[in-house]
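First comes the structure, then the notes that go with it.
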Amino acid sequence: MCAAAQGQIRLNQIQVIGSHNSYHAGIAPSETAWLTKLNPKSAAGLEYKHPPLDVQLSSGVRQVEIDVYADVNGGRYAHPGNLKMIADAGLPADPPFDPTGLFLKPGFKVMHAQDIDYRSNCQPFTGCLAVILNWSKAHPKHLPIFVLIETKDGKGRDWQVEPEKFTPAVFDDLDKEIRSVIPSAKMIVPDDVRGAHETLEEAGLAGGWPTLESARGKLIFLLDQRREGPHYLEGHPGLRGRVIFTNAEPGSADAAFIEVNDPLKDPALIPGLVKKGYLVRTRTDADTVQGRSGDTKMRDAAMASGAQILSSDYFFNEKASWTGFSVSFPQGEIARCNPVLNLPHCGAIRP
Numbered sequence: 004m005c006a007a008a009q010g011q012i013r014l015n016q017i018q019v020i021g022s023h024n025s026y027h028a029g030i031a032p033s034e035t036a037w038l039t040k041l042n043p044k045s046a047a048g049l050e051y052k053h054p055p056l057d058v059q060l061s062s063g064v065r066q067v068e069i070d071v072y073a074d075v076n077g078g079r080y081a082h083p084g085n086l087k088m089i090a091d092a093g094l095p096a097d098p099p100f101d102p103t104g105l106f107l108k109p110g111f112k113v114m115h116a117q118d119i120d121y122r123s124n125c126q127p128f129t130g131c132l133a134v135i136l137n138w139s140k141a142h143p144k145h146l147p148i149f150v151l152i153e154t155k156d157g158k159g160r161d162w163q164v165e166p167e168k169f170t171p172a173v174f175d176d177l178d179k180e181i182r183s184v185i186p187s188a189k190m191i192v193p194d195d196v197r198g199a200h201e202t203l204e205e206a207g208l209a210g211g212w213p214t215l216e217s218a219r220g221k222l223i224f225l226l227d228q229r230r231e232g233p234h235y236l237e238g239h240p241g242l243r244g245r246v247i248f249t250n251a252e253p254g255s256a257d258a259a260f261i262e263v264n265d266p267l268k269d270p271a272l273i274p275g276l277v278k279k280g281y282l283v284r285t286r287t288d289a290d291t292v293q294g295r296s297g298d299t300k301m302r303d304a305a306m307a308s309g310a311q312i313l314s315s316d317y318f319f320n321e322k323a324s325w326t327g328f329s330v331s332f333p334q335g336e337i338a339r340c341n342p343v344l345n346l347p348h349c350g351a352i353r354p
């Protein structure tokens, strides 16, 4: 294949594998014993952990997912409520989760569930971004990395601290934290895709995504929850001036990226979105269910759907201990031509 033909491939015309809750370092032994007694199903669903982000990227992962909690003043999540319950149950103390006191400082924190599941392989949010940036600098021609951000708020149990809400001002702070670590030249933001088009959706559906070659070495930030879109859009119509692509409803001015987490629910949905030009993320497994059963129906449907981003807890050589379940491409690549687009000029994709 000639270089010119390869250069025609666009960012939304390939398929890559990502990791779910990429920061997740697992729950310590006494924490696990306590949670298993409290809620066995939840404990089972959290029985996974991932290596550091740079190790994942070196293995071929090209989408990472980071859950963030707002902590404007610092210290809000520094004293997890489950620690007293674990001690009261007579369980031995686990290793400290924050030995250097990062949770006492202001800034976004990375964890899955406040007071329950708070151990991360990177901390705080800016620290996670620094790991990604350093890996990217060491591998300057890498395939673009998608960074999915899930903003966590909402009241939990009575004994859990209530997270700060993600207001437009808090989202401004989130953008600032990203920009404080990641240089503009290392990112693809909504304004880059929109170009001269009136809306971001119009641009995406008209082939406005950048070429894969021009996207190499760069990061694309994506917002997980659709419900947060209006807060993030406030003051930034159509995502003008924003860093992150929202998970938007098709037909919206900001609709370029769409999440469809269950590829089995409506098998025709994802292929239809991909053929139109949207960027889609789906999941190949969830809550350790497929890892425990070995059931591949969800994985196979996700891979065949054409969703550009396939998120898994068991990527490449990170296999489920119970069954060996994992997600990888048939020929061992870390990326492949999109299976529903049948592009005549697409061949082997360099990592």
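Just so we're on the same page, this note's numbering is the position in the sequence shown counted from 1, plus 3. All C-beta atoms, glycine included, are put in the ideal place defined by N, C-alpha and C. Keep in mind the model is a prediction, meaning the values are calculated, not measured.
Among the options, the one whose alpha carbon lies nearest that of residue i
i    : options                   : result
D194 : L94, A259, L208 and G244  : G244
P3   : N137, P253, L346 and K44  : The displayed coordinates of the chain run from 4 to 354. Any statement about residue 3 would go beyond what the structure contains.
L276 : F260, R286 and D176       : F260
L38  : L86, I148 and K278        : L86
G48  : G294, V196, S331 and K322 : G294
V71  : D227, Q334, L208 and A141 : D227
A116 : P253, A46 and G309        : A46
A256 : A206, L282, L225 and V330 : A206
P99  : L222, R286, D265 and D120 : D120
G40  : N15, E231, T291 and M88   : Before going on, a small fix: residue 40 reads as Lys here, not Gly. Selected option, being the one with the closest Cα: M88.
K221 : G21, H239, H234 and V192  : V192
D176 : P347, I352 and V246       : V246
Local conformation of residue i per DSSP, three classes
i    : result
L94  : coil
M190 : strand
K158 : coil
R13  : strand
Q66  : strand
A116 : strand
L146 : coil
A6   : Reliability fails at A6, whose pLDDT of 37 lies under 50, so the model's placement of it is uncertain and no value is given.
E252 : coil
A351 : coil
Alpha-carbon spacing of residue i relative to residue j, whole angstroms
i    : j    : result
V134 : G29  : 19 Å
D101 : S314 : 28 Å
G297 : F318 : 14 Å
L151 : V58  : 18 Å
S324 : E201 : 49 Å
E50  : V263 : 24 Å
I312 : G93  : 44 Å
C349 : K44  : 44 Å
G84  : V184 : 31 Å
Expected contact under 8 Å - CB spacing of residue i and residue j to nearest Å
i    : j    : result
E167 : R79  : 7 Å
R13  : I337 : Wrong, their Cβ atoms sit about 18 Å apart, outside the cutoff.
A310 : V283 : 4 Å
T249 : L236 : 7 Å
T291 : M301 : With a Cβ gap of about 13 Å, T291 and M301 do not count as contacting.
Original post:
Of all the alpha helix (DSSP H) runs that stay within the bounds of the segment 193–240, which reach a length of 4 or more residues?
Top reply: 193–197, 203–208, 215–218 and 232–236
Original post:
Fully enclosed by the segment 286–349, which alpha helix (DSSP H) runs are 4 residues long or longer?
Top reply: 292–296 and 300–308
**OP:** With a floor of 4 residues, list each alpha helix (DSSP H) that falls wholly inside the segment 21–82, ordered by position along the chain.
**Re:** 32–41, 43–48 and 56–62
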